[in-house]
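Colleague: Can you keep this structure in mind? I'll have questions shortly.
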Amino acid sequence: MKRLKKFAGLLLAVATILAYSVTAFAAGNGSITITNAVPGQVYTIYRILDLESYDSNANAYAYKANSEWLSWLETQTDYVTISDDGQNYVTWVDGADAAEFAKLALAHAEEADIQPVDNATAGAAAEGENRTTVEFTGLDLGYYLVDTSLGTLCSLDTTDDEATITEKNDVPSTEKEVQEDSDESWGSDNTAQIGDTVNFRTTITAQPGAENYVLYDKMSAGLTLDQESIVVEGLTEDEDYTVAFDTTDGYDFEITFDQDYLNSIESETKIVVKYSAVLNDNAVISEDSNDNVTHLDYGDETDTKSTPDSTTKTYSFSFDIVKTDNEFKLLDGAEFELYDAQTEGNKIALVDEGNGVYRVATDEEIKGEGFTSAVIVAKDGQATVKGLDAETTYYLEETKAPEGYNKLAERVEVAIENTNLSTSLEGDVWTDDDGGVQITNISGALLPSTGGMGTTLFYVGGGILMAGAAVLLVIRKSRSREE
């Protein structure tokens, strides 16, 4: 009797260990009510032990192994002892870990395909509430294991007519963030130049009793995952988690967390996953974004749940060149190169995509055999450069002016501030309202021309001089004769 009392006490302790409060229910007509249940989650109950008889006043209970669980219980000698008189009475081993026993019992139920006594999906919450109630009725008295699709476990011993369990846990959640390179802050969006490395992190808020956590991640075509960059802070790959790439579901990668690690979670825990990608030549230009989407699957394998998608957005920008004379009429034929500084600095390598559009080159393109950065040609006075970072100032250097116009002496500043510098120009004369990066070239006036007259003047002047010399010669000869 004394051992039975200890067993009953330990069974009660299980509920406390796993953060549930338990009261009792009656023989032959038992019920379990789960309050604070999470809408949409599935609650499942298994009867491990049958309660043969009890005296609540004396705190005396007689438990027998349920026939479906008997063979397994006989192997759990670290937790329970089965009587050797053939009656299969169950007593608890002093000092055994009741919470660990509950987890092992659930694992056995899944492996042996033991059917639950009952299961129920929590309905919608009442208006203004976010939790609801689940009730199981008509139960035989016994020692019950309660599982939920949240992954939370509870071992429950049945004592009087009713048992009430208060759900103290919540669904896991995921939060994805991306790093802005200009100030290294983390948020839901960022900006980048084609070829830049973009850093991501996903924070999983895990709950006690976590089951079957698998994180899924998918990137849009403009982002190329660096597979070697994936790390889970504080955990060891191939021990606490495994990573798979290019799965059949179309995800760039998925991380499966080892159940032994999940079993070690005893309170709300943050799991931080970090990785990076490169903004590539398929990047879309703002106002569209290059997205990275993640979600977490969790819970019972027979009824897997998913957290809502968490998404980050990476933006890249463009600007339009409008080349004009000093009366703002379009000029053809100017050529430019793009730099990251007003003087000196680095030239931004570009690729000519045709139709007056130039894109920032990727590292792979730059390293390719025979690569030469494209020169921007303002054909019919216009060109577009795309794939640029925001909060960044670029500089255009004119390498060739339109025929008959003076080449610019200094680089032109182009400041990208979270928006495209686009032009709406439709005609051939630019106005302030047309936008874009307008650049003026000036031509000098036609210098005065001497033409053929200059030669004539030399001829005339020469003739006069020759005539004067002849006259002077005649005069001198006359004087000499007279003398």
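Using mature numbering (1 follows the signal peptide of the UniProt record, and there is no 0), the letters of the sequence shown correspond one by one to residues -26 to -1, 1 to 457.
Each residue gets a CB set at the ideal place from its N, CA and C atoms; glycine is no exception.
(1) What residue from E158, L115 and Q412 has the CA that sits closest to S398's CA?
(2) Can you tell me the Cα-Cα spacing of L199 and E228, whole angstroms?
(3) Using the beta-carbon count (16 or more within 10 Å), is Q181 buried or exposed?
(4) With distances taken Cα to Cα, identify the nearest neighbour of Y369 among V54, A315, L78 and I350.
(5) Could you pull the start and end residues of the alpha helix (DSSP H) that N237 belongs to?
(6) Identify the residues that DSSP records as bridge partners of S292: which are they?
(7) What residue range does the beta strand (DSSP E) around L209 cover?
(8) Excluding five sequence neighbours on each side, which residues of the same chain lie with their C-beta closer than 8 Å to the C-beta of Y225?
(9) Output needed for N320: all residues of its chain with C-beta closer than 6 Å, excluding positions within five of it in sequence on either side, in chain order.
(10) Nearest-angstrom Cα distance between W66 and D274?
(11) Excluding the 5 residues flanking E149 on each side, which residues of the same chain have their C-beta closer than 8 Å to its C-beta?
(12) Check G69 in the structure and name its three-state DSSP category.
(13) Could you work out which residue in A94, E338 and I390 is closest to S260 when comparing CA atoms only?
(14) Would you mind stating whether L382 and E372 have Cβ atoms separated by less than 8 Å?
(15) Which whole-angstrom value describes the C-beta separation of Q356 and I295, a residue pair presumed to lie in contact below a C-beta threshold of 8 Å?
(16) Could you check if Q153 is buried or exposed, using at least 16 other CB atoms within 10 Å of its CB as the buried criterion?
(17) Please say whether L115 and L25 have beta carbons closer to each other than 8 Å?
(18) Using the DSSP secondary-structure output, state which residues sit across from H269 in a beta bridge.
(19) What residues in its chain sit with their C-beta under 7 Å from that of V403, if we drop five residues either side in the sequence?
(20) Under the DSSP definition of a beta bridge, which residues are partnered with A218?
(21) Would you please state the rounded distance, in angstroms, between the beta carbons of N254 and L324? I believe it to be under 8 Å.
(22) Decide if T133 is buried, meaning its Cβ has at least 16 other Cβ atoms within 10 Å, or exposed.
(23) In terms of alpha-carbon separation, which member of N186, E311 and V359 lies closest to residue 464?
(24) With I56 as the anchor, note down where its beta strand (DSSP E) starts and where it stops.
(25) When DSSP labels each residue in this structure, what does K381 get in the three-state scheme?
(26) Under the criterion of a Cβ to heavy atom distance below 7 Å, does T336 qualify as lining the ligand ZN?
(27) Per DSSP, what kind of secondary structure is W404 in: helix, strand or coil?
(28) Have a look at G169, E185, D155 and D68 and flag the residue whose alpha-carbon is nearest the alpha-carbon of L78.
(29) Can you give me the Cβ contacts of E109 inside the same chain, cut-off strictly under 7 Å, excluding the 5 residues immediately before and after it?
(30) Output the boundary residues of the beta strand (DSSP E) element that contains W160.
(31) Check whether the Cβ atoms of A257 and I168 lie closer than 8 Å to each other.
(32) Between the alpha carbons of G183 and V64, how many angstroms are there, rounded?
(33) Closest to T288 by CA distance: which of L236, A76, D155 and N380 is it?
(34) For E202, which of T106, A32, A218 and V188 has the nearest alpha-carbon?
(35) What is the rounded straight-line gap between the Cα of N300 and the Cα of E387?
(36) Which stretch, first to last residue, makes up the beta strand (DSSP E) that contains I19?
Modeller: Based on what the coordinates show:
(1) Q412
(2) 12 Å
(3) buried
(4) Nearest C-alpha to Y369: A315.
(5) Q233 to N237
(6) K360
(7) Counting along the chain, L209 falls outside any beta strand (DSSP E), and DSSP gives it neither H nor E.
(8) Y190, D191 and K192
(9) D314
(10) 28 Å
(11) T176, T177, T179 and S284
(12) coil
(13) Measuring C-alpha to C-alpha distances from S260 to each of A94, E338 and I390 identifies I390 as the nearest.
(14) yes
(15) 6 Å
(16) buried
(17) yes
(18) Y190
(19) F302 and K303
(20) E228
(21) About 15 Å; that fails the 8 Å criterion.
(22) For T133, the pLDDT reaches just 44, beneath the cut-off of 50, and the residue's location in the model is therefore unreliable, leaving the point undetermined.
(23) Because the chain is modelled from -26 through 457, residue 464 falls outside the range shown and cannot be assessed.
(24) V54 to I56
(25) DSSP places K381 in the coil class of the three-state scheme, outside both helix and strand.
(26) The ligand ZN is absent from the structure shown, which contains no ligands of any kind.
(27) Three-state result, W404: coil.
(28) E185
(29) S5 and T7
(30) S159 to G161
(31) yes
(32) Going by the C-alpha atoms only, they are around 26 Å apart.
(33) D155
(34) Closest option to E202, Cα to Cα, is A218.
(35) 19 Å
(36) V16 to D29
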